[in-house]
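**Q** Pasting in a structure now, in structure tokens, and then I'll have a few things to ask.
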Amino acid sequence: MIDYPRYDRDGWRRWVPSWRLVSGLCIAFFGCLVGAAGLAYAMVSVPVIDESATAQNNVYYWADNTQMVATGGDRNRQSVDLSQIPKAMRNAVISQENKTFYSDSGIDPKGIARAVFNMAKGGETQGGSTITQQYVKNAMLNDQSQTISRKVKEIFVSIKVGAEEPKDKILEGYLNSAYYGRGAYGIQAAARAYFNVDAVDLNPGQCAFLSAMLKGATYYDPAGSVSIDPVGATPKANQKRALTQMQDTLDKMVEYGHLSQTERAKYTELPTTQHPQSNAKLGGQIGYLVRLAKSSVLKSGKVSEQQLEKGGYSIYTTFDKKKVDEMEKAVQKVYKEKIDPKKRPETDTHVQFGGASIDTKTGAIKAIYGGEDATKHFTNNADVTGAQVGSTFKPFVLAAAMKWGVRDPDLGPVQAQDERTIVSPKSLYSGKNKLKINNYDGSIWENEDGEQWRQENDGQDNVGDPPDYKIDLREAMRESVNSAYVQLGMDVGLDKVKEAAVDAGLLEDSLTGSSFPSFSLGISDPSAIRMAGAYATFADSGKQREPYSVTKVTSKDGTIYTHKVEEKQAFTAKVADNVTDVLKTVVEDGTGSNAQLPGREVAGKTGTTDGNKSAWFVGYTPQLSTAISMYRYPDDETIKNRTFLEMYGTGGEKKIHGASFPSTIWQDYMSDAVKGLKVEGFPEPEPIGEVVNDTPSPTPTPTPSASASETEEASPSPTPSPSDTQNSPSPPAPSNTCGVFEWGCEESNGGNGNGGNGPGGSEGSGSPSPTSSETGTEGDTNGNSRGNTIWGANG
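Under the numbering used here, the first residue of the sequence shown is numbered 25, with each subsequent residue one higher.
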């Protein structure tokens with residue numbers, strides 16, 4: 025009988041429990057805990073790993089909710105006995121993940137406490153820190169909820185497994201159930217996926233490599249995962265990360281006595297891996313579409329890669345089947361009619377196209393062209409490829425000039441808005457070929473070695489009338505005049521040009537070399553998806569929306585994810601509509617005339633890079649924005665130091681321009697894609713800015729010059745890339761500078777006249793190259809090295 029309140033005490037003492045009561049309650053409490061723990065222990069069972077191997081399909085749907093493909097149900101997993109798993113693989117995992125595996129109880133109390141604490145705070149749980157816990161977690165794939173109850177269950181199962189199962193069986197189960205990336209569950213499937221060998225034949229270096237994959241293949245697979253993380257998961261970044269992890273594992277194996285130093289010394293480089301294999305059901309464009317949608321789901325953070333691999337999800341995409349088929353048809357038509365590798369093996373091999381089409385009002389990706397076949401060509405050419413965009417970048421220079429304006433040459437480089445002058449498209453700049461480029465304050469631009477920059481135009485042509493070759497920015501855009509837009513970019517400030525491009529929707533990490541004159545000419549390499557999305561910002565009067573490919577994801581538990589369209593006003597309607605108005609003239613009467621759609625208004629821009637290594641056309645109607653790229657790049661991964669190849673002579677053309685095959689594909693696709701859409705016009709732009717440089721210039725002594733070209737296609741001869749030739753730079757002459765806007769001015773060293781106020785970009789002139797420390801870039805999804813960052817642009 026409990027004596028409380030105490031019968032034999034008076035006052036407050038009646039409420040003070042006796043030591044017998046306290047000790048009795050404590051014993052009862054702990055007895056209940058032990059009983060509950062014992063009951064929980066008795067109720068859980070040791071998992072059977074084969075039961076977790078069952079998987080369901082993920083079903084992907086077109087935009088009209090009809091089924092696109094069901095895939096993912098056939099999990100790539102094969103179990104093997106421990107005797108078929110090399111000791112090196114066992115030791116690699118133990119050395120890296122759980123060196124006390126054979127002596128511990130199977131759980132890590134500190135790790136458990138940390139995970140429970142994080143969950144109690146509402147944060148992310150942390151994975152089990154012992155091999156036993158990871159094995160149990162893999163076996164409990166049917167319940168991956170981030171809850172305390174699931175974690176408690178996992179703890180009791182781990183304790184039971186550690187107590188009842190032999191350590192070798194646990195290790196075997198873990199290695200046969202772990203996910204190594206590339207859809208491979210278990211060491212046998214992983215050995216085949218990466219090296220095309222059986223697990224028993226893996227060497228210590230390969231074993232250490234595969235142990236690194238257990239940390240998350242997205243960031244360790246040498247093939248890269250740029251569709252998920254275009255910056256952090258490039259092939260180059262992943263290869264570096266995987267090699268570091270592999271070397272660390274091998275060092276630990278030596279430290280713990282599992283590997284001799286002599287054997288360790290054999291494995292100093294990453295082992296050669298085969299390219300990821302594609303499911304046959306994902307042939308043609310379907311594989312690219314599924315991969316893009318999958319990356320969107322993973323980036324949402326609502327589903328993990330392992331959960332998605334297990335399947336059971338319905339993924340509703342934005343892809344319009346009719347438009348996807350129309351884009352593929354347009355590309356294949358050019359391939360069939362113009363590209364002939366047998367007839368022209370030196371120029372027509374390795375030709376690739378990429379494309380993306382986006383709804384200007386929502387950001388929904390309606391169609392892409394990723395390559396000839398996702399089962400043959402792994403890289404999605406609509407995504408990150410490394411191909412520079414050339415003169416399709418010039419609209420961002422114009423947008424920056426109309427948003428922020430050019431700087432006052434009498435003030436410092438950082439200027440407030442009221443110190444700048446907003447630029448009108450009627451502003452005048454020099455179209456002179458080999459224009460010596462100024463800083464915004466009129467001084468001559470020089471690089472670190474004192475080399476000056478002479479900006480060439482495509483075909484070495486002057487554009488405009490001598491002596492100063494003044495042309496307005498509309499004409500300069502229409503004829504894709506490099507010298508004018510390079511100088512404009514320097515007058516505005518390349519930091520503002522970069523900011524305008526990011527505001528429009530390009531990823532900042534894709535914009536390289538922004539401290540060099542050529543930045544304004546498109547030396548950066550945004551994807552076709554991002555270029556189409558950025559131009560869509562202009563199409564919808566400055567409203568920017570992120571491109572997206574998935575509208576919602578559902579499972580048996582209901583809706584997991586729903587996309588919400590978010591928009592921001594990147595530019596005022598006045599700025600965006602004036603950019604569109606200028607780009608309309610490119611299509612109406614300029615380098616983009618091949619892209620005209622009878623009866624509809626079109627705005628767009630051609631782009632061709634220095635060295636003729638890539639060509640683009642990006643254009644839009646009021647409802648649809650589409651980007652088409654073309655380049656040559658070998659798929660063969662055995663070729664060391666692969667790089668983009670020149671396209672002189674490709675398709676029987678003397679030189680490939682954005683106005684040739686890319687605009688042809690664009691026009692063929694868009695002619696079909698806009699059928700049935702209401703005919704709409706672009707808004708009439710409001711007048712903007714001031715006419716800059718509308719002042720008389722001194723008239724120098726006339727000198728012979730090339731005649732002005734009418735279009736960017738008038739290129740009489742190939743233009744060498746900056747890496748091929750170097751002009752001798754003039755010696756620095758800081759005391760001799762041309763005055764601002766004095767285009768007829770000649771320096772004492774005999775330089776050409778300058779236009780505007782700042783440095784430009786290379787077109788194939790012997791322009792100084794950026795230093796590697798300032799323009800170093802990662803490889804792309806093919807392991808591409810972008811090589812020389814300043815190809816420049818030709819129109």
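Virtual Cβ for every residue (Gly too), placed ideally from N, Cα, C.
Under the three-state reduction of DSSP, which class applies to VAL698: helix, strand or coil?
**A** Reduced to three states, the DSSP call for VAL698 is coil.
**Q** With a 10 Å radius around its C-beta and 16 neighbouring C-beta atoms as the bar for buried, classify THR725 as buried or exposed.
**A** Confidence in THR725 is poor, its pLDDT being 44 and thus under 50, which makes the residue's placement unreliable; the coordinate value appears in the next sentence. When all chains shown are included, THR725 counts as exposed.
**Q** With H, G and I counted as helix, E and B as strand and the rest as coil, what does DSSP make of TRP690?
**A** helix
**Q** Is ALA525 near the ligand HEM, with its Cβ less than 8 Å from a heavy atom?
**A** The ligand HEM is absent from the structure shown, which contains no ligands of any kind.
**Q** State the Cα-Cα distance for the pair GLU196 and GLN263, rounded to the nearest angstrom.
**A** 28 Å
**Q** Using DSSP's beta-bridge definition, name the partner residues of LYS367.
**A** Among the bridge pairs identified by DSSP, LYS367 is matched with none.
**Q** Enumerated in chain order, which unbroken segments of the alpha helix (DSSP H) with a length of 4 residues or greater are wholly contained in the segment 411–495?
**A** 418–427
**Q** Apart from the five residues just before and just after GLY35, which ones in its own chain have a Cβ nearer than 6 Å to its Cβ?
**A** none
**Q** Can you list the beta strand (DSSP E) stretches of 3 or more residues lying completely in the segment 338–382, in chain order?
**A** Entirely contained in the segment 338–382, the beta strand (DSSP E) runs reaching 3 residues are, in chain order, 338–341.
**Q** What's the gap between the Cα of LYS592 and the Cα of GLU570?
**A** If you take the alpha carbons of LYS592 and GLU570, they lie about 10 Å apart.
**Q** Identify every run of the beta strand (DSSP E) within the segment 241–275, keeping only runs that are complete inside it and at least 3 residues long; order them along the chain.
**A** none
**Q** If you reduce the DSSP assignment to three classes, tell me which class GLN568 lands in.
**A** strand
**Q** Can you say whether ASN618 is buried or exposed, counting buried as having 16 or more other CB atoms within 10 angstroms of its CB?
**A** Within 10 angstroms of the beta-carbon of ASN618 lie 16 or more other beta-carbons, which makes it buried.
**Q** Where are the alpha helix (DSSP H) runs, 4 residues long or more, that stay fully inside the segment 529–588, in chain order?
**A** 552–563
**Q** Taking the beta strand (DSSP E) that GLU591 belongs to, which residues open and close that run?
**A** It spans 591–593 - the beta strand (DSSP E) in which GLU591 sits, taken as one unbroken run.
**Q** Give me the Cα-Cα distance between ILE468 and GLY378, rounded to the nearest whole angstrom.
**A** 39 Å
**Q** Take the Cβ of GLU188 as the centre, count every other Cβ of all protein chains shown within 10 Å, and call the residue buried at 16 or more, exposed below.
**A** exposed
**Q** So what does DSSP say about MET654, is it helix, strand or coil?
**A** strand
**Q** Roughly how far, in whole angstroms, is the beta-carbon of ALA697 from the beta-carbon of GLY616, given that I think they are within contact range, below 8 Å?
**A** ALA697 to GLY616, Cβ: 17 Å. No contact.
**Q** Check the C-beta distance from ALA304 over to LYS427 and give it rounded, since I have them as a contact under 8 Å.
**A** Incorrect: roughly 50 Å between the Cβ atoms, too far for contact.
**Q** Which partner residues does SER638 have in the DSSP bridge list?
**A** TYR655
**Q** State the start and end residues of the unbroken beta strand (DSSP E) segment that holds THR630.
**A** Secondary structure note for THR630: its beta strand (DSSP E) is the uninterrupted segment 627–632.
**Q** Could you give the residue range of the beta strand (DSSP E) that holds ILE392?
**A** 389–393
**Q** Could you check whether LYS702 and THR632 sit closer than 9 Å to each other, using their CB atoms as the reference points?
**A** Not a contact, by the Cβ cut-off of 9 Å.
**Q** If you pair each beta-carbon of the segment 542–560 with each one of the segment 385–395, do three or more pairs fall below 8 Å?
**A** A contact exists between the segment 542–560 and the segment 385–395.
**Q** Would you call the CB atoms of GLY713 and PRO433 closer than 9 Å?
**A** no
**Q** Could you tell me the alpha carbon to alpha carbon distance between LEU621 and LEU497, rounded to whole angstroms?
**A** 24 Å
**Q** In three-state terms, what does DSSP make of ALA87?
**A** Looking at ALA87 - three-state DSSP - the assignment turns out to be coil, as it is neither helix nor strand.
**Q** Look up ASN220 in the DSSP assignment and say whether it is helix, strand or coil.
**A** Collapsing the DSSP output to three states places ASN220 in coil.
**Q** Report all residues from its chain with a CB closer than 8 Å to the CB of VAL278; omit the five preceding and five following residues, and keep chain order.
**A** SER284, GLN285 and ARG288
**Q** Mapping DSSP to helix, strand and coil, what is VAL715?
**A** coil
**Q** Taking the alpha helix (DSSP H) that ARG666 falls in, what are its first and last residues?
**A** No alpha helix (DSSP H) holds ARG666; DSSP gives it neither H nor E.
**Q** If you reduce the DSSP assignment to three classes, tell me which class GLY307 lands in.
**A** When secondary structure is reduced to three states using DSSP, GLY307 falls in the coil class, being assigned neither helix nor strand.
**Q** Check whether the segment 330–339 and the segment 653–666 are in contact - that is, three or more C-beta pairs closer than 8 Å.
**A** no
**Q** Looking at the secondary structure, which residues open and close the alpha helix (DSSP H) in which GLU121 lies?
**A** 111–121
**Q** CB-CB under 8 Å to LYS326, same chain, minus the five flanking residues each way: which ones, in chain order?
**A** VAL577, ILE584 and TYR585
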